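>
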Ligand code: DON
């Protein structure tokens, strides 16, 4: 078995010299200024070890990686009834596409595209009375998972400039939310749902914190001996990550990396290796479908070197 610490150190060193790093997301103006040269990687293994390299302790905007954690919270609230309001199929369309919603009567294809994540945000806002309650619940859950509760040096916060930037330019998300509201698939007011969603996307976390926060998905639903979800739910969330976690590039990611994973336009990707490890990688340059170019490449190399695959 190759040495994991040495493998990630080599990958981080190799990534430093890659010139084709993609393009930083600029449709959310506050993200446009993030330096393209950043790269971080963190791995938490089943035996409790942590390995990091590069900018692994630098917080970045988690964006759609948040959809993984909000899905877990919404499933706690609604159980399998959630699946009457959002599907479980890959969309084959861009993450912010509206096209399927008309023919499919306001029911998004899956919880990871923006429309699906807005339904999930609606469920959490309804359970916690409003957007403030929902955002508090999401932050508490992430701090608990990442083990930063009560540790002010490491605490997980929302970047208010990113949240404002998203709200000021989020016309497509507003269109998606209004469209689904017209079909009766949103229960709370549109603005409340959008505020919940914009703030969850604007949460800043480091690779180390994200790798810790996804341990439960690689360990049958448990973290530090506590059951976060049942083993069955952990498997099902991982199945959705594999089939839908990279939007219209999910097939290509499964082909190249072979692991369940979730990406965000901040350049983060989290991946789970069932029974073995959780991994978070960050590089802000994106490819055409909005997924980090170098984080994908690094995961492809890591999975290849370690022999990690679900297949
Ligand atoms: O709503 C948006 O467009 C962003 N806040 C999140 C999109 C995203 O991260 C897509 N992921 N690759």
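Residue numbers (the UniProt record's numbering): 1 to 311.
The C-beta atom is built at its ideal place from N, Cα and C for all residues, glycine as well.
Since this is a predicted model, take the numbers as computed values, not measurements.
Terminal residues of the continuous beta strand (DSSP E) containing residue 144?
Unbroken run through residue 144 is the alpha helix (DSSP H), 131 to 146; no beta strand (DSSP E).
> Count the C-beta pairs between the segment 88 to 107 and the segment 241 to 249 that are closer than 8 Å, then say yes if the count reaches three, no if not.
yes
> When the Cα atoms are used, what is the spatial distance from residue 23 to residue 36?
8 Å
> Within the 7 Å Cβ cut-off, does residue 65 reach chain C?
Absent from the structure: chain C. Only one protein chain is present.
> If you reduce the DSSP assignment to three classes, tell me which class residue 220 lands in.
coil
> Just checking my contact of residue 12 with residue 54 at CB under 8 Å: how many whole Å lie between their CB atoms?
4 Å
> For residue 9 and residue 155, what's the separation of their Cα atoms in angstroms?
26 Å
> Just to check my reading of the structure: residue 106 and residue 183 have Cβ atoms closer than 8 Å, yes? What is that Cβ distance to the nearest angstrom?
3 Å
> Less than 8 Å between the CB atoms is what I'm expecting for residue 251 and residue 63, so what's the real figure, rounded?
Contact flag wrong, Cβ pair sits at about 21 Å.
> Between residue 308 and residue 273, how many whole angstroms is the CB-CB distance? I'm expecting something under 8 Å.
5 Å
> Closest to residue 59 by CA distance: which of 247, 210, 232 is it?
210
> Taking just the CA atoms, how far does residue 18 sit from residue 111?
33 Å
> Using a Cβ-based criterion (distance less than 6 Å to any ligand heavy atom), does residue 283 qualify as near the ligand DON?
no
> In whole angstroms, what separates the C-alpha of residue 123 from that of residue 117?
10 Å
> Less than 6 Å between C-beta atoms, sequence neighbours within five positions excluded: which residues of the same chain meet that for residue 140?
Cβ-Cβ distances below 6 Å link residue 140 to nothing in the same chain once the five nearest sequence neighbours on each side are left out.
> Name the two residues that bound the continuous beta strand (DSSP E) containing residue 203.
203 to 205
> Can you tell me whether residue 91 is helix, strand or coil according to DSSP?
coil
> Could you please give the first and the last residue of the uninterrupted alpha helix (DSSP H) stretch that includes residue 102?
99 to 103 is the span of the alpha helix (DSSP H), which, as asked, contains residue 102.
> By alpha-carbon positions, which one of 32, 195, 217, 226 ends up nearest to residue 261?
217
> First and last residue of the alpha helix (DSSP H) that includes residue 127?
Start and end: 114 to 127.
> Less than 6 Å between the CB of residue 63 and some heavy atom of the ligand DON, yes or no?
yes
> Check residue 51 in the structure and name its three-state DSSP category.
strand
> So is residue 95 buried or exposed if we call it buried at 16+ other beta carbons inside 10 Å?
When all chains shown are included, residue 95 counts as buried.
> Along the chain, where does the beta strand (DSSP E) that runs through residue 262 open and close?
Element bounds for residue 262: 261 to 263.
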